[in-house]
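Asks: Next up is a structure, given as structure tokens.
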Amino acid sequence: MNSQFDTDAGTHPFRSNIEEFPTAPNEKNWEWTYLVRKCRNLELEESYDLYMRRLRIGYLSIFIFIELLVSLTHALLLFTSSDMTYAYIDMGAYVVTGLIMWLILSINFRNELISKHTWIVYASSWLAVSVMVLMDIGLNIYHATSNNDILNPIYDAYTLYAIYMFMPIPYILQPFILGIAVTICYIINYSFVITSKEENQIQMHSILNEAIYLICVNCLGIFFRLMRDIALRTTFLDRRQYVEENLLLRYARDQERSLLLSILPAQIADRLQEDVRNRIERSKQQHQQRTGFQQSIHNNNHALKRWRQPDHGTLFIEPHKDVTVLYADVVNYTHLTTTLDVKKLVEALHDLFVRFDIASEEYNVMRIKFLGDCYYCVAGLASPNEDHAKCCVDLGLRMIKDIRDVREKRHLNIDMRIGVHSGDVLSGVIGAAKWQFDIWSKDVDIANRLEATGATGRVHVSQQTLGLLDGEYFFEDGTEKAREDPVLQKHNIRTFLIKSLRAPMHDPRRVQRERQAKKLSEASKSNFMYNSTLQQYNQVRNQAKLEMCRELDKMPIGRIQITKVCRRSTNPTQDEIEEETFRRNISSFCLLFRIRNWELQYIKEPDVMFKYSIALAWFVYICLLTIQLLSKDAKYHYWIIDGITICLLTSLLIISWYKKLWIMYVSDTEQSRPQAKLSIFLYRMSDYMQGNIVLRIVVYFLIIASYCAVAAMQVIDCSVRDDVVEDDNGLMKPMPFTFEERVNCFHPWILTNCMTLVIGTSFLFTRIPFIVKTSVAVVITVTYAILVVVEFDYIYASSPSTNVNLNAEYSHILFIFITLGIFHLMERQTEFIAKVDYNWKRQLLQKQDDALITNGTIKVLLVNILPSHVAEFYLSMQQQQNELYYEEYDNVAVMFASIKNFDTDKIGLRVLNEIICDFDDVLNKYSHSLRVEKIKVANWTYMAACGLDVTRSEQVNAPQVKFRNVSLMPNGRRSQYRTSGSEQVQRVPYGNGSTIALDLERGQYEGNVINSTPRMSKEDIANEKSNDEVIKVMANFALDLMRAMRRFNAENMQSEYEGSTDYGMLRIGISHGRAMAGVVGISKPHYDIWGNPVNMASRMDSTGIPGKIQVTENTALKLRNFNIQCNYRGKTFVKGRGNIPTYVLGTDDEYEGFLPHQAPEAPEPT
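Basically the working numbering = 1-based index in the sequence shown + 134.
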């Protein structure tokens, strides 16, 4: 069971590790427009909208929680006010606003109402935002007009974050419009209320700073929404692919099972299937241990060959008692195969054998195989059946009826001869390639002899079978040939001929059996071989669409799910249990996989979106720089630091975008690469930047450091002036600021706004580890809080507060902590979804590996049933029902090799299995250009053919692959078989003569009409010799079999049958010529070849000499051209041909090679 793995299992290289994902992902796969288009093409947009609705409801519930927490915290801070007169007004406004927003937004939790009236989502969101903005701006206006207090709004950025991150408005446009409207409202409020008392220039700078800040907040919100949509669509498509892979794997396993059970009983199939899968998995594991991914792809086939050695310990053989064997022979079959053209022959055989297959299914009889003109099967083997003898006899009578129907329909002179015998058998699979289920025992031989000695159109049964028929059939004595047959005499077998059934409708068991058989027959017609690829694709796609509707509940919402906390189930479903198990695999605070290797592989994943994060960071940096220049007079060291940072960030921006821009505007395909040195460097750096986590973290810290440097520019030199004065000791020292100058050194709210942008941007890098982003944001927040409370407390205390009599320092700290909390919670949700997506990718790769192993198993099984090119056809393109696969070849070499004097009952099947495995190992060496195909093994006879290459076929009929090959020879000439013209008559000389020619007599002897023109050019001779290479290959293969058999006998059979001179010797016959091949059968595809070379090779074997290779005269002629000695044996009687000249190939005693062709010493006797 090993050889076929060398060429087939290795054609699909395995991944070296399922935890290693591709390092060069397709840039296009992460484009938002591409993902939207793909969802639409896969008809997933509706399901995705349903998922997004659930997700938005989850985010909305988080927002309500945040709103409650912020309102409560703000209210508690108001209790610290020095005067509570206006604090109660503010607290009342916050509470009322919170209740109104909760009432407005709660309507979105009513799914049925929202699904019917989608406008409610937009209306409720606009109304809730309007209430929030009116409250915030309204309080500012109220306090400014009532007691002339100028307050800073605290909920401007908070409202914009709520719009883009939490509000259930779908898509991008509506949130953008709403965000712009809110921004305009706050700028107007800032212009006419907050800065109304400032000077014109300062007022304009303050308004520009506020506008730039709010624009940046809008950009952060839009970027977050876009990145979230890309991540979620990717996750959704990954889940859909997982569902599809699961369906395909399920289908592949069903296909594998269907294929196995079409040729094997369940007991053998289970063992064989498990053995094949284990071998493929062991092969994969050895590759993972021995080599890396790329190395394993390159050396996969070679490594598998080193691993594969014949495993003779595994023998898939089982004994069966109380079964009945049926042998059926097509009378006049030889004439049929040599007179019909390929299409008519395959159509006739297919029609006949399909009828037989259907009948065998109906009568619960298992077809074993075809042996040329012989169809044999067994009842009671797959499952116990007390009526096994009756089933076989009924099947025999049905087969006679079916063949007569075909005879009348197609006007063919054919009939049936059937033998039936009951007894015990051994069944199973032997060999290492082209596995075929078979049965062995003396009772099988008896059934074969009953068929051979039977009468045309009759069912010939033994006395053992007759005794099991319960008198339900009329019968008469058997034939005279049966009484004289030595095998039947040896086993004392008396035979009978069945005439007809006595009472076919009176037996209730028979009626029940026939009804059950019809059900089985209908079920068997839905076979994997006859499902079109398009039908399978549509079926899988529709099923995947239905499965995705069920998968919506499994799609991740986030680490925090307020709705589930509110309604926790006491009886969790299987999906909820799986989700909870996954949650336990992730740490609660840091969101790290508890399996360290998973986390390492996760953070090593490439970040295709990194360039977008850098583009956003560059834009935010430009805004921060502008705010700095507008809020404070620039000094020379400002320009140096700003110049360095802007050059650094611009360089990072160019490098990160270079690969994408080059692909978009320069390259023809995404796989092409630049040629110029600078372009190559930038391209590789761009690719390396998005693929290397260490470099990404370094770039991330450089950007954050640049932000902090720009922000720090505002507070530098707030302690001393640049001017110097002389102290009392006469020393020069910097002149200190006055208190008023220090208070006005920088604008605290501008700096606070800048720091919120830094915190927000620090969270928006998609593939930077969550713990790193959180740590950076917390450090920035705590450091800034210390500056507010300790270092510059007098400056912040003097700045406008958000509420009357509230310490302004609390307002700054509250604002910065609100920003930190919002981005942290949203990043937790995003990180959790990314972890879920990564887990699904792992599951997907596992499914793909399982499917790969299953497909490898299917291919090994199928290639071990059909020749490789036919198997490839069935694997790549499924047949439509009633379409036939057949081929016609100009020149095929056929070989039959029989082992002499080996008795199964005495030697045992293990010996036969070891011999066939040795032969299959030899076969594996002939698996390249002119490969030798094993056709079948029948008892102790091994049949093979060379030249069954679809590229050499004159005609191939297959669905969507119908063509005629007009270049069969290297020069494009097609070989001609002319029926007229002058022929030069010559004889192949006796011994090693060199005067070789053809005559019509030889062609008539061998069943071919082979003509020769008087003269052939050198080119024609060379091309003909090239076309005859198949004969040389087959002769070499036969010689290798002889050598393998000799070696086996020397190692294992020294003492057996010492008196026999030909014990265990191999007898081989070879012939060549035009041949036809095709696949016949409906539920059990069977590939076979027909034609004169098949018949003649069989005759060369049966009339041959043990230890010799016998060939026909025409084959000897061809082999002489390859300097192979062909010794004339004489005239040999061949059934159907009479006495014809035959030849024996000259070999040395050790079968190490052929003797060379030599000039004749005397002419051959006629």
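We treat Cβ as the ideally placed atom computed from N, Cα and C, and that holds for glycine. Since the model is a prediction, treat every value here as computed from it, not as a measurement.
Going by CA-CA distance only, name the one from Met361, Leu202 and Asn1183 that's closest to Ala968.
Replies: The count along the sequence shown starts at 1 and reaches residue 968 at position 834. Of the candidates Met361, Leu202 and Asn1183, the one whose C-alpha sits nearest the C-alpha of Ala968 is Met361.
Asks: Contact check, Arg1201 vs Pro1227 under 8 Å by CB: the rounded distance?
Replies: In the sequence shown, the residue the question calls residue 1201 occupies position 1067. In the sequence shown, the residue the question calls residue 1227 occupies position 1093. Contact flag wrong, Cβ pair sits at about 18 Å.
Asks: Buried or exposed: which applies to Pro453, given that a residue is buried once 16 or more other Cβ atoms fall within 10 Å of its Cβ?
Replies: Sequence index remark: in the sequence shown, residue 453 carries index 319 (1-based). Exposed, because fewer than 16 other Cβ atoms sit within 10 Å of the Cβ of Pro453.
Asks: Identify which residue in Arg901, Glu1185, Gly514 and Ala1250 has its Cα closest to the Cα of Ile1204.
Replies: The residue you call residue 1204 lines up with position 1070 of the sequence shown. Considering only alpha carbons, the answer is Ala1250.
Asks: What is the rounded straight-line gap between the Cα of Ala749 and the Cα of Thr779?
Replies: For the purposes of this step, residue 749 is taken as the residue at position 615 of the sequence shown. For the purposes of this step, residue 779 is taken as the residue at position 645 of the sequence shown. Using only the alpha carbons, I get a separation of about 15 Å.
Asks: Leaving out the 5 sequence neighbours to the left and right, which residues in its chain are closer than 6 Å to Cys724 when beta-carbon positions are compared?
Replies: Reading the sequence shown from its first residue, position 590 is the one you call residue 724. Hits under 6 Å: Ile905.
Asks: Three-state secondary structure (DSSP) at Thr936?
Replies: Here residue 936 corresponds to residue number 802 of the sequence shown, with the count starting at 1. In this structure, Thr936 counts as coil in the three-state DSSP scheme.
Asks: Please confirm whether any heavy atom of the ligand ADP lies closer than 8 Å to the CB of Leu273.
Replies: Within the structure as shown, the ligand ADP is missing, as the structure has no ligands at all.
Asks: What's the gap between the Cα of Ile950 and the Cα of Asp821?
Replies: Position 816 of the sequence shown holds residue 950. Position 687 of the sequence shown holds residue 821. Answer to the nearest angstrom: the Cα atoms are 36 Å apart.
Asks: For the region 584–596 against the region 566–576, are there 3 or more C-beta pairs whose distance is under 8 Å?
Replies: Touching, no.
Asks: Taking the alpha-carbon of Glu542 as reference, which of Asp485, Tyr305 and Ser575 has the nearest alpha-carbon?
Replies: Mapped onto the sequence shown, residue 542 falls at position 408. Of the candidates Asp485, Tyr305 and Ser575, the one whose C-alpha sits nearest the C-alpha of Glu542 is Asp485.
Asks: Assign Arg218 to one of three DSSP states: helix, strand, or coil.
Replies: By one-based count along the sequence shown, residue 218 stands at place 84. It should be pointed out that residue 218 corresponds to Met in this sequence rather than to Arg. If DSSP states are grouped into helix, strand and coil, Met218 belongs with coil.
Asks: If we count the other Cβ atoms within 10 Å of its Cβ and call it buried at 16 or more, is His545 buried or exposed?
Replies: If you number the sequence shown from 1, residue 545 lands on position 411. Per the 10 Å Cβ criterion, exposed.
Asks: Decide yes or no for the touch test of the region 271–288 against the region 311–324: beta carbon pairs closer than 8 Å, at least 3 of them.
Replies: Yes, the region 271–288 is in contact with the region 311–324.
Asks: What does the alpha-carbon distance come out to for the pair Tyr1277 and Asp1235?
Replies: The residue given as residue 1277 occupies position 1143 in the sequence shown. The residue given as residue 1235 occupies position 1101 in the sequence shown. Looking at the two C-alpha atoms, the distance is approximately 12 Å.
Asks: Does Asp528 pass the burial test, meaning 16 or more other C-beta atoms within 10 Å, or should it be called exposed?
Replies: Position 394 of the sequence shown holds residue 528. Buried, since its Cβ has 16 or more Cβ neighbours within 10 Å.
Asks: For Cys1080, count the other beta carbons within 10 Å of its own beta carbon; 16 or more makes it buried, fewer makes it exposed. Which is it?
Replies: As a first step, residue 1080 is located in the sequence shown; it is residue number 946 there, counting from the start. Cys1080 is buried by the Cβ-count criterion.
Asks: In or out: Asp1283 buried (at least 16 other Cβ within 10 Å) or exposed?
Replies: Numbered from its first residue, the sequence shown carries residue 1283 at position 1149. It counts as exposed.
Asks: Among Asp217, Ser259 and Val465, which residue has its Cα nearest to the Cα of Leu237?
Replies: Reading the sequence shown from its first residue, position 103 is the one you call residue 237. Leu237 has its Cα closest to that of Ser259, out of Asp217, Ser259 and Val465.
Asks: If Val363 sits next to Trp166, beta carbons under 8 Å apart, how far is it from one beta carbon to the other, in whole angstroms?
Replies: Counting from one through the sequence shown, the residue named residue 363 turns up at place 229. Counting from one through the sequence shown, the residue named residue 166 turns up at place 32. With the sequence shown as reference, residue 363 is identified as Asp, and Val is not the correct amino acid for it. That pair is a contact at about 7 Å.
Asks: Would you decide whether Phe608 is buried or exposed? Buried here means 16 or more other CB atoms lie within 10 Å of its CB.
Replies: The residue labelled residue 608 in the question sits at position 474 within the sequence shown. Label assigned to Phe608: exposed.
Asks: Quick one: using the 10 Å Cβ neighbour count with 16 as the cut-off for buried, is Ser909 buried or exposed?
Replies: One-based indexing of the sequence shown puts residue 909 at position 775. Flag for Ser909 reads exposed.
Asks: Throw me the rounded Cβ distance for the Met500 and Leu479 pair, which I believe falls under 8 Å.
Replies: Along the sequence shown, one-based indexing puts residue 500 at 366. Along the sequence shown, one-based indexing puts residue 479 at 345. Contact flag wrong, Cβ pair sits at about 26 Å.
Asks: Using a Cβ-Cβ cutoff of less than 8 Å, which residues in the same chain neighbour Asp539 once the five nearest sequence positions on both sides are dropped?
Replies: In the sequence shown, counting from the first residue as 1, residue 539 sits at position 405. Only Arg489 meet the Cβ criterion.
Asks: Got a sec? Which residues, its chain only, sit under 8 Å from Lys455 by beta carbon, not counting five neighbours each side?
Replies: Along the sequence shown, one-based indexing puts residue 455 at 321. Closer than 8 Å at the Cβ level, and outside the excluded window around Lys455, lie Asp558.
Asks: Evaluate the contact criterion for the region 887–902 versus the region 352–359: three or more CB pairs, one atom per stretch, below 8 Å.
Replies: Yes, the region 887–902 touches the region 352–359.
Asks: Would you give the residue range spanned by the alpha helix (DSSP H) that Arg188 belongs to?
Replies: Locating residue 188 in the sequence shown gives position 54, where the first residue counts as 1. That run of the alpha helix (DSSP H) goes Glu179 to Leu212.
Asks: Using only CA atoms, which one of Leu261, Ile1049, Ala581 and Glu1022 lies nearest to Ser1032?
Replies: Along the sequence shown, one-based indexing puts residue 1032 at 898. For the residues Leu261, Ile1049, Ala581 and Glu1022, the minimum Cα distance to Ser1032 belongs to Ile1049.
Asks: Buried or exposed for Leu312, going by 16 or more other Cβ atoms inside 10 Å?
Replies: Sequence index remark: in the sequence shown, residue 312 carries index 178 (1-based). Classification for Leu312: buried.
Asks: Are the Cβ atoms of Ala1027 and Ala1169 separated by less than 9 Å?
Replies: As a working mapping, residue 1027 is identified with position 893 in the sequence shown. As a working mapping, residue 1169 is identified with position 1035 in the sequence shown. Going by C-beta atoms, Ala1027 is nearer than 9 Å to Ala1169.
Asks: When you compare each of Tyr972, Phe1171 and Ile987 to Arg413 by their alpha carbons, which one comes out closest?
Replies: The residue you call residue 413 lines up with position 279 of the sequence shown. Nearest of Tyr972, Phe1171 and Ile987 to Arg413, Cα basis: Ile987.
Asks: Take Leu381 and list the residues in its own chain whose beta-carbon comes closer than 8 Å to its own, dropping the five residues that flank it on each side.
Replies: As a position in the sequence shown, residue 381 is number 247, starting the count at 1. Counting only Cβ-Cβ distances below 8 Å, and skipping sequence neighbours, we find Val674, Gln677, Ala678 and Glu681.
Asks: Among the candidates Thr1075, Val1214, Met1176 and Gly1212, whose CA atom is the shortest distance from the CA of Arg1233?
Replies: The residue you call residue 1233 lines up with position 1099 of the sequence shown. Among Thr1075, Val1214, Met1176 and Gly1212, the Cα nearest to that of Arg1233 is on Thr1075.
Asks: Beta strand (DSSP E) containing Ile1243: first to last residue?
Replies: Translated into positions along the sequence shown, residue 1243 becomes position 1109. Taken as a continuous stretch (DSSP letters only), the beta strand (DSSP E) holding Ile1243 covers Ile1243 to Thr1246.
Asks: Identify whether Ser1061 lies in helix, strand or coil by the three-state DSSP scheme.
Replies: By 1-based counting over the sequence shown, the position of residue 1061 is 927. In this structure, Ser1061 counts as coil in the three-state DSSP scheme.
Asks: From the DSSP output, which residues share a beta bridge with Glu610?
Replies: By 1-based counting over the sequence shown, the position of residue 610 is 476. Note: Glu610 sits in a beta bridge opposite Leu631.
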